[in-house]
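Participant: Chains as they are written, first to last, in UniProt numbering: chain A, 1 to 690; chain B, 1 to 532.
(1) Taking a cut of 9 Å between CB atoms, which residues from the region 440-464 of chain A lie near chain B?
(2) Mind listing which residues of the region 547-579 of chain A have their C-beta closer than 8 Å to chain B's C-betas, in chain order?
(3) Using a Cβ cut-off of 7 Å, pull out every chain A residue sitting near residue 30/B, in sequence order please.
(4) Can you tell me which of 199/A, 563/A and 492/A puts its alpha carbon nearest to the alpha carbon of residue 6/A?
(5) Among the residues of its own chain, which have a CB less than 8 Å from the CB of residue 307/B, if the five just before and after it don't count?
(6) For residue 246/A, collect the residues of the same chain with a Cβ closer than 6 Å to its Cβ; drop the 5 residues on either side in sequence, then sort them by chain order.
(7) What residues are listed by DSSP as bridge partners for residue 475/B?
(8) Curious, which full-length alpha helix (DSSP H) runs of at least 4 residues does the region 269-330 of chain B contain?
(9) Taking C-beta pairs closer than 7 Å, name the residues in chain A that residue 404/B reaches, listed in chain order.
(10) Can you find the residues in the same chain that come closer than 6 Å, C-beta to C-beta, to residue 320/A, ignoring five residues on each side of it along the sequence?
(11) Using a Cβ-Cβ cut-off of 8 Å, state whether residue 63/B counts as contacting chain A.
(12) Do residue 374/A and residue 363/A have their C-beta atoms closer together than 8 Å?
(13) In the region 334-392 of chain A, which residue ranges form an unbroken beta strand (DSSP E) of at least 3 residues, counting only runs that do not cross its ends?
(14) Please compile the residues from chain B whose C-beta is within a distance smaller than 8 Å of the C-beta of residue 109/A.
(15) Let's see if you can read the secondary structure: which residues bound the alpha helix (DSSP H) around residue 521/A?
(16) State the DSSP-derived secondary structure class of residue 679/A, mapped to helix, strand or coil.
(17) Any idea what DSSP makes of residue 290/A, helix, strand or coil?
(18) Of all the beta strand (DSSP E) runs that stay within the bounds of the region 460-507 of chain A, which reach a length of 3 or more residues?
(19) Nearest to residue 577/A by alpha carbon, out of 588/A, 135/A, 645/A and 605/A?
(20) Thinking just about the alpha-carbon of each residue, which of 444/A, 590/A, 655/A and 328/A is nearest to the one in residue 9/B?
(21) With a CB to CB cut of under 8 Å and the five nearest residues on each side skipped, what residues in its chain are close to residue 158/B?
(22) Looking at the structure shown, is residue 210/A part of a helix, part of a strand, or coil, going by DSSP?
(23) So with Cβ pairs under 8 Å, would you call residue 120/A a contact of chain B?
(24) Figure out for me which residue from 179/B, 122/B, 54/B and 6/B has the closest Cα to the Cα of residue 16/B.
(25) Compare the beta carbon distance of residue 500/B and residue 441/B with 8 Å and say whether it is the shorter of the two.
(26) On a CA-only basis, which of 483/B, 435/B and 515/B is nearest residue 529/B? Give me that one, please.
(27) CB-CB under 6 Å to residue 463/A, same chain, minus the five flanking residues each way: which ones, in chain order?
(28) Could you tell me the distance, in whole angstroms, from the CA atom of residue 322/A to the CA atom of residue 211/A?
(29) Starting from residue 427/A, follow the alpha helix (DSSP H) in both directions and report where the run begins and ends.
(30) Quick one: is residue 523/A near chain B, going by C-beta distance under 8 Å?
(31) Measure the alpha-carbon distance for residue 489/B versus residue 275/B and round it to whole angstroms.
(32) Select from 447/B, 446/B, 449/B and 420/B the residue whose C-alpha is nearest the C-alpha of residue 438/B.
(33) Quick one, are the C-beta atoms of residue 281/B and residue 57/B less than 8 Å apart?
(34) Considering only the beta carbon of each residue, do residue 28/B and residue 184/B sit closer than 8 Å?
(35) Can you name, in chain order, every residue of its own chain whose Cβ lies under 6 Å from the Cβ of residue 309/B, other than the five neighbours on each side?
(36) Could you work out which residues of chain A lie near residue 292/B, taking near to mean beta carbons separated by less than 8 Å?
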């Protein structure tokens, strides 16, 4: 079996893991290089290749998770985009569907958010296609030329086009894209909504297209650069990028449909947690992924991560933004999770007599003070070191003196407290911030986290996980082997997957009647064939091996919202459509308590193609030489206590808190009252005492 | 810590149950207005009629309606006569309802054999008789012309829908399939919330839930009172005039300790036209206006209602009595809100008036179809910032409640040609009023149009020297492009195929002397289309 590489680029650290043909795993944690993330990544790749003794040419697959798209949107560092729509709808983005919900509605000081594209870069063209897809007014080519001219003068880096009813007939969008592209420098992306999300509802289709155009060029140039550098190293393997819903996309597609990768990085952790839980029969999990810059919490119920179909960029009050009506909606499936801008690198500071942690991060450069790389500001990592919770970190020796000095100068001094007390307070505040993320995905949704298992992933998570669990009365914490690079490990198992859908409106009755429906049924079969061809082409999987599932959106005629119902494999026949309708009736009854058998209609044809990654379970790490357990004083509940310090490698049997368990990428704090066992997968399962 | 956590999970679970109900209603409803606009109200109440939680998109006036109506349901059907599976419906404006087309549905949730909680849902259903399709006849001189009247009646039992009643309702609708579909959607929403509530009772025990609810309401009331205690003690006055000259007058008395009394004595008498407001609607407007002066993040439940005493003289514009109609209430409710804003703001510091919701309906002549919708005016400017564009609802919600063009065209024989902000429609001022919108809808079949707007003849005034917003209006555009005004409360106006309805909403009033607007802001106004 060939070698697979996976990499998760975070704000502070870049994790690279390699799994060889023999199933052995090699790991590297390098500092992220924000200027060009490919650089830090390449360091890590070289390191694991060296460690594993693998030739670059033997790498068969490279799977990548990146927060690039998210960062571009949150930091508004995407390219300037022009937006073109049908004449009469130039206010579409400004009007939006801004709900004034919750506190906004009572806020006399409510300030309207700026539209995502200013009016000065919004253009309209005379043209019109009807809801049936017929051309009512042909595209005014002269006006289109003029718009292209003006866009060229604006000097934008990408163009988003959303014309009315283009999901039913993309001809005008395609022609307009041609005209506009011809006026712009070669290679300038011109994104048509019918190519990104060909579904009814002009506003959401427009914003989804817009975000794709906004992020796409940044993503494309990054992936292009990365591919080039990997090839220079001798790695010709295809690059796959994790998408927001937990599958992975080929690099070319990730660039052209960048909007699908918005939650790429965070999704990896949730997917990894679900898989780790499933292997152990744990179906209800809270994934907790804490790195240097951010922390994310996700919820897995019944073994499945929650998926949201409307992600709100810049939405309020949701830590990553999912509250409807408060941000810019993106209509692509994404794993439902909450993110807080707080991690090991978050800087602690005294703000007029109060201690604050974050949101600024020391990042990779200069990093926490204890790294000795020029950082002088105290971070959560510095606090953890002072409290005795940490050893080294990856290849970095940490300086407790530098950590102490930074805390003394910037926190303890100004607040008039001791360094240790200050460090303990920083640690507690970090736990509270992590708690906010867990809170959003559980308590805020009325879900009691107490029956769940917290899964700790990411370099900083093991140090905080048990304390975080205590805050919520969560009695079980799973710390997988190599937890410090847990998200990257999860990528090794991510299936290559793509979903394609288009609006297809037809009454079920017409599809199932022998006479009248033949043409319509044929059209549906053709729509599916087209979607399947496109999806397989997306995956470059013409040669087979891909599993394709088909589904239809179905609703009662006259309703606007549909259930998704799977179709069986094989030809589309009146029988398969009828069976889907029966399934729809059943689910409607179960969901709404109303047994109704009115005429139903098909709304959408949807295809999902998956190329399975081959689910190999990671072997337990080879037992290394077991280091003699030492002891060290650590800060626990108001005093230093001498506790055992164990090495994770080779650890077996029972674990009893308090103790610290160290490994190269992370350090696990087992507080008093917690006990644990190491299972045969190498994971530590901690349980709180009664 | 653990108790706090349990309490918080419980509170959120209640809100999530209401939220789920509203989503179910929207997902299973049939009216374009509801399903594409995502506007359904859902609430959880207790058997004492106290509001416990509501869904996110619930407009406060709808929420107030559910809260006001439940006691009338219980009066008509004492709790001991209710059985598990029962569902009740009403629309009576004199019993907490709004008008004929707004159906309120309640389902009891039983604890130890007796109803302890109710789930409630409410939407504007497609059509339920009355002078004009869609229930917006502005010439309805009494409530009977507005549509079929429903006192609290049982619409479903554990055995399913009460078919006889459903047949009566269907027989009184121009769009019977949509009406029955919408009714089922309301019941489905109430069912789902009831199921969630039963799960919550199972998890937290009946006592646990009762305690949790009591704590939640008490906590909210405490915070509400803390907020209201900041209002200076004493009585202040405000008033606002409707387009037809009628006047809403209010006296607001704060006791300085968190109690507030809002008294509409002196308000003009009710009129035999749908201009009046039912008491639940006025109460909702009052709560909206008062809530704007406390922490906006407070949850909305009975705790907010408790400290506010509202006096609405019977037979006045803000409390109509039989047979005076209440369907056109938003003009009166919004006027009541502006009057309260004026009363509670020091001279010159209060907000300018807003353009408000402007409703319209379009119905088929040769076959039954119906499009009912509304557009929103620009919000008034404040002392320190510009008014928001096209969100002047004055009871929560915003553009999310307005359907997009594509789904409308996919469902109905109309073409939406234009939906745009109107440059220069916000009143000039140091801070500009929010812009209104222009929507152009072309008829593809012969149709009739009803309109219902206010602040069109008396546009929203500016404040502190700011100018009024540009008045909106309703127009018919002939096939040759000529444009003629339709009334602001027009009924059943014919629009032939090929003609278009133009709806323009009023801009918000400006705040402060326009000369005080900085040159940089003036430049930006031009670039962003704020000015013509």
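C-beta: ideal position from N, C-alpha, C; glycine also.
Facilitator: So, to answer that:
(1) 442, 443, 444, 445, 446, 447, 448, 449 and 450
(2) 556, 558, 559, 560 and 561
(3) Position 30 of the second chain, counting from 1, holds the residue named residue 30/B. Per Cβ cutoff of 7 Å: 558 and 559.
(4) Within the first chain, the letter at position 6 stands for residue 6/A. Closest option to residue 6/A, Cα to Cα, is 492/A.
(5) In the second chain, residue 307/B corresponds to position 307, counting from 1. The answer, listed in chain order, is 221, 224, 225, 228, 258, 259 and 260.
(6) Indexing the first chain from 1 puts residue 246/A at position 246. Annotation for residue 246/A: 267, 271 and 335 place their beta carbon closer than 6 Å to its own, counting only its chain and skipping 5 residues before and after.
(7) Here the question's residue 475/B lines up with position 475 in the second chain. Residue 475/B is bridged to 485/B and 502/B.
(8) 279-291 and 302-305
(9) Translated into positions along the second chain, residue 404/B becomes position 404. Within chain A, the residues near residue 404/B are 201, 202 and 203.
(10) For the purposes of this step, residue 320/A is taken as the residue at position 320 of the first chain. Since pLDDT at residue 320/A reaches only 38, below the 50 mark, its modelled position is unreliable, and no value is offered.
(11) For the purposes of this step, residue 63/B is taken as the residue at position 63 of the second chain. Cβ-Cβ to chain A under 8 Å: no for residue 63/B.
(12) Position 374 of the first chain, counted from the first residue, corresponds to residue 374/A. Position 363 of the first chain, counted from the first residue, corresponds to residue 363/A. No, the Cβ-Cβ distance between residue 374/A and residue 363/A is not below 8 Å.
(13) 337-340, 346-351 and 354-361
(14) What you label residue 109/A is simply residue 109 of the first chain in a count that begins at 1. Result: 382, 384 and 385.
(15) Along the first chain, one-based indexing puts residue 521/A at 521. Residue 521/A -> alpha helix (DSSP H) spans 518-539.
(16) Position 679 of the first chain holds residue 679/A. Residue state, collapsed to three classes: coil.
(17) Numbered from its first residue, the first chain carries residue 290/A at position 290. Strand, per DSSP.
(18) The region 460-507 of chain A contains these whole beta strand (DSSP E) runs: 476-479 and 496-507.
(19) Position 577 of the first chain, counted from the start, is the residue given in the question as residue 577/A. Nearest C-alpha to residue 577/A: 605/A.
(20) Start at 1 with the first residue of the second chain, and residue 9/B comes out as number 9. It is 444/A.
(21) As a first step, residue 158/B is located in the second chain; it is residue number 158 there, counting from the start. These residues qualify, in order along the chain: 83, 84, 85 and 86.
(22) Mapped onto the first chain, residue 210/A falls at position 210. Reduced to three states, the DSSP call for residue 210/A is helix.
(23) Looking up residue 120/A in the first chain gives position 120. Closer than 8 Å: yes.
(24) Counting from one through the second chain, the residue named residue 16/B turns up at place 16. Selected option, being the one with the closest Cα: 54/B.
(25) Here the question's residue 500/B lines up with position 500 in the second chain. Here the question's residue 441/B lines up with position 441 in the second chain. Taking 8 Å as the Cβ cut-off, residue 500/B and residue 441/B qualify as a contacting pair.
(26) If you number the second chain from 1, residue 529/B lands on position 529. Minimum Cα distance to residue 529/B is reached at 435/B.
(27) One-based indexing of the first chain puts residue 463/A at position 463. For residue 463/A, where only same-chain residues beyond five positions count, the Cβ hits under 6 Å are 384, 389, 667 and 669.
(28) Locating residue 322/A in the first chain gives position 322, counting from the first residue. Locating residue 211/A in the first chain gives position 211, counting from the first residue. Because residue 322/A carries a pLDDT of 43, less than 50, the predicted location of this residue cannot be relied on, and the following value inherits that uncertainty. Using only the alpha carbons, I get a separation of about 16 Å.
(29) Here residue 427/A is taken as the residue at index 427 of the first chain, counted from 1. Residue 427/A -> alpha helix (DSSP H) spans 419-441.
(30) Working through the first chain from its first residue, we reach residue 523/A at position 523. Answer no: the Cβ-Cβ gap between residue 523/A and chain B never drops below 8 Å.
(31) For the purposes of this step, residue 489/B is identified with residue 489 of the second chain, where counting begins at 1. For the purposes of this step, residue 275/B is identified with residue 275 of the second chain, where counting begins at 1. Rounded to the nearest angstrom, the two C-alpha atoms are 10 Å apart.
(32) What you label residue 438/B is simply residue 438 of the second chain in a count that begins at 1. That would be 420/B, whose Cα lies nearest to the Cα of residue 438/B.
(33) Within the second chain, residue 281/B is the residue found at index 281, counting from 1. Within the second chain, residue 57/B is the residue found at index 57, counting from 1. Cβ distance not < 8 Å, so residue 281/B and residue 57/B don't count as in contact.
(34) Along the second chain, read from residue 1 onward, the residue named residue 28/B stands at position 28. Along the second chain, read from residue 1 onward, the residue named residue 184/B stands at position 184. Cβ distance < 8 Å, so residue 28/B and residue 184/B count as in contact.
(35) Position 309 of the second chain, counted from the first residue, corresponds to residue 309/B. So the qualifying residues of the chain are 261.
(36) For the purposes of this step, residue 292/B is taken as the residue at position 292 of the second chain. Chain A residues near residue 292/B: 106, 107 and 108.
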